[in-house]
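Encoded as structure tokens, the structure appears first; notes follow it.
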Amino acid sequence: MAGGCEGCAAGVRPVRGPCPRALPWSSSLKTVHRTIRRENSLGDCFLIRLLFRALGSPDILGKMKEVAAIASPGAMAYRVRMETAPAPSRADIAILITAAGRGERMGGDLPKQWQALAGQPVLARSIAAFDGFGRVVVTVAPADMDRAIELLGGRVTLVAGGASRAESVRAGLEVLEGSGITHVLIHDGARPLVSAAVIEAVVAALDSGAVAAAPGLAVTDALWRGAGGVVTGIAAREGLFRAQTPQGFQLAAILAAHREGGADAADDVELMQRRGVPVRITPGDEDNLKLTWPGDMARAERILAERRGGMDVRLGNGYDVHAFGPGDRVFLCGVELPHDRGLVGHSDADVGMHALTDAIYGALAQGDIGRHFPPSDPQWKGAASEIFLRHAADLAREMGYAIGNADVTLIAERPKIGPHAGAMQARLAAIMGIEPGRVSVKATTSERLGFVGREEGIAAIATATLIGGR
Numbered sequence: 006m007a008g009g010c011e012g013c014a015a016g017v018r019p020v021r022g023p024c025p026r027a028l029p030w031s032s033s034l035k036t037v038h039r040t041i042r043r044e045n046s047l048g049d050c051f052l053i054r055l056l057f058r059a060l061g062s063p064d065i066l067g068k069m070k071e072v073a074a075i076a077s078p079g080a081m082a083y084r085v086r087m088e089t090a091p092a093p094s095r096a097d098i099a100i101l102i103t104a105a106g107r108g109e110r111m112g113g114d115l116p117k118q119w120q121a122l123a124g125q126p127v128l129a130r131s132i133a134a135f136d137g138f139g140r141v142v143v144t145v146a147p148a149d150m151d152r153a154i155e156l157l158g159g160r161v162t163l164v165a166g167g168a169s170r171a172e173s174v175r176a177g178l179e180v181l182e183g184s185g186i187t188h189v190l191i192h193d194g195a196r197p198l199v200s201a202a203v204i205e206a207v208v209a210a211l212d213s214g215a216v217a218a219a220p221g222l223a224v225t226d227a228l229w230r231g232a233g234g235v236v237t238g239i240a241a242r243e244g245l246f247r248a249q250t251p252q253g254f255q256l257a258a259i260l261a262a263h264r265e266g267g268a269d270a271a272d273d274v275e276l277m278q279r280r281g282v283p284v285r286i287t288p289g290d291e292d293n294l295k296l297t298w299p300g301d302m303a304r305a306e307r308i309l310a311e312r313r314g315g316m317d318v319r320l321g322n323g324y325d326v327h328a329f330g331p332g333d334r335v336f337l338c339g340v341e342l343p344h345d346r347g348l349v350g351h352s353d354a355d356v357g358m359h360a361l362t363d364a365i366y367g368a369l370a371q372g373d374i375g376r377h378f379p380p381s382d383p384q385w386k387g388a389a390s391e392i393f394l395r396h397a398a399d400l401a402r403e404m405g406y407a408i409g410n411a412d413v414t415l416i417a418e419r420p421k422i423g424p425h426a427g428a429m430q431a432r433l434a435a436i437m438g439i440e441p442g443r444v445s446v447k448a449t450t451s452e453r454l455g456f457v458g459r460e461e462g463i464a465a466i467a468t469a470t471l472i473g474g475r
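Using the working numbering, the first residue of the sequence shown is number 6, and each one after it goes up by one.
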């Protein structure tokens with residue numbers, strides 16, 4: 006390959022500048038980070054794959070816990086985890102999912118896209134619906150960026166959204182320019198039940214030459230005009246459609262439309278209409294509802310239950326114990342607590358998180374922590390236990406299960422757990438990607454009996470309920 010080198014002989018384009026193989030580990034990371042910053046590219050993680058292959062080290066994945074990546078048109082750097090995701094089947098298509106709104110009509114402590122639907126965040130389900138269709142870009146509110154990084158990791162390109170939907174969409178489109186993407190599907194993050202058939206119909210329309218295409222449902226109900234709570238007239242419904250997403254476009258055309266302006270447009274189809282571009286209507290789906298009101302969440306739950314054709318519920322339990330040793334702190338359920346001793350273990354000895362991780366593995370019939378992270382492997386020495394719990398939660402989702410409930414009981418004389426239980430609950434929920442209301446953390450003592458009573462260590466018991474079907 007022209008311009009290549011021995012380190013890049015795998016057949017991929019080399020990083021500009023020196024080959025990563027010729028650099029020390031830390032320098033290689035800096036080189037890749039600088040190159041990503043220059044190229045403003047995150048979504049395909051191309052340079053990260055190149056780094057793994059060019060360095061040729063068998064234990065790179067163990068060493069590299071995080072990578073630096075660019076996540077907005079303004080070149081703001083966010084640190085995101087590298088995680089395994091299915092390779093997109095279409096290199097020319099990108100999916101832009103808008104999730105920067107606040108969803109105030111839905112109510113609740115969290116914006117609707119972060120609320121749980123059958124054990125998974127709404128946004129996570131919306132993203133999963135597009136597996137295999139192409140690269141995914143997600144716009145999120147700047148205030149939600151940390152939450153997005155925690156839950157979505159490196160599986161998608163995260164872009165800081167703007168003050169309006171139009172600004173957020175344009176920010177996502179700008180990221181795609183010059184990336185080789187020719188078509189984009191723009192989808193509401195609050196439509197988690199979109200079917201493959203709806204998506205495929207839009208893609209087929211674009212493949213056949215349409216500049217724009219979007220799903221719609223013909224209006225069948227009578228339409229009234231009203232004022233002051235009184236019907237003032239009847240509107241003709243012939244030729245009327247209810248708009249849905251994803252709305253598909255040639256990237257160049259929709260980006261040009263947004264650059265011309267149109268913040269007052271109802272959606273992206275209206276922008277194209279203003280420019281005189283025909284928009285092809287493809288079949289919609291009644292189940293492809295946009296979650297807007299509190300009752301919509303219950304309706305979506307019912308639709309998912311019907312799709313599953315019955316519930317596959319699994320229950321797992323886990324138990325762990327660690328002895329006290331020298332130290333001045335302990336880690337329990339992801340929270341650091343000052344103490345006059347530490348817990349001894351191969352990793353960070355988080356007894357609560359270990360028990361919960363084993364409970365999830367048990368429900369999946371996938372063994373225990375030792376099977377997935379052998380203590381004989383030095384790369385896990387001193388590792389943060391959230392790595393193990395996150396792996397178990399991700400494995401559950403990959404196998405088609407949502408975490409319905411997690412319950413941890415810590416058994417200790419000291420330190421006192423009660424004042425920290427809320428923080429532990431929130432931390433476990435964040436790691437697993439579920440709402441805090443599905444996690445319980447409580448504590449008890451052994452009434453001074455046994456090794457716990459003698460303050461020789463801490464034990465933990467955990468149960469996890471998994472619900473099958475997506």
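Idealized CB from N, CA, C, for every residue including glycine.
In this text the structure is predicted, and so the values were computed from the model without any measurement.
Distance from the Cα of E391 is smallest, within the candidate group L433, Y406 and Q371, for L433. If you keep only unbroken alpha helix (DSSP H) runs of at least 4 residues inside the region 235-270, you get 256-265. Residue pairing for R285: DSSP places it in a beta bridge opposite A218.
CA-CA distance, L157 to R334, rounds to 30 Å.
The beta strand (DSSP E) runs of length 3 or more contained entirely in the region 358-414 do not exist; there are none. With distances taken between CA atoms, Q120 lies nearest to P441 out of P441, A465 and T450. DSSP places E460 outside any alpha helix (DSSP H), giving it a letter other than H or E. Boundaries of the alpha helix (DSSP H) harbouring R313: P299 to R313, taken from the DSSP string. Beta bridge pairing from DSSP links H192 with I102. DSSP, read as helix, strand or coil, puts E341 in strand. Taking W298 as the centre and dropping the five residues before and after it, the same chain places the C-beta of R110 and M111 closer than 7 Å to its C-beta, in chain order. Looking from the CA of A218, the closest CA among A248, A241 and Q252 belongs to Q252.
The alpha carbon of R313 has as its nearest neighbour, out of G221, L198, E341 and N410, the alpha carbon of L198. In its chain, beyond the 5 residues on either side, L198 and D292 have a beta carbon closer than 7 Å to the beta carbon of I308. The beta strand (DSSP E) runs of length 3 or more contained entirely in the region 160-206 are, from start to end of the chain, 162-165 and 188-193.
The C-alpha of R376 lies about 34 Å from the C-alpha of V143. Taking each of L222, H327 and L190 in turn and checking the Cα distance to A215, the smallest one comes out for L190. Linking A389 to V326 through their CA atoms gives a straight-line distance of about 17 Å.
A distance below 7 Å between beta-carbons, with the five flanking residues on each side excluded, links G221 to the following residues of its chain, in chain order: F246, R247, A248, Q249, I286 and G289. Between H192 and L211 a beta carbon distance of about 14 Å is seen, past the 8 Å cut, so the two are scored as non-contacting.
The C-beta distance from Y366 to I466 rounds to 15 Å, too long to fall under 8 Å, and the pair is not in contact. W229 is bridged by DSSP to I239. When only Cα atoms are considered, T162 and V141 end up about 6 Å apart. G139 and I98 do touch by the CB rule: their CB atoms are close to 4 Å apart, below 8 Å.
Listed in chain order, the non-local C-beta contacts of L181 below 7 Å within the same chain comprise A99, V142, V189 and L256, local neighbours out to five positions each way being set aside.
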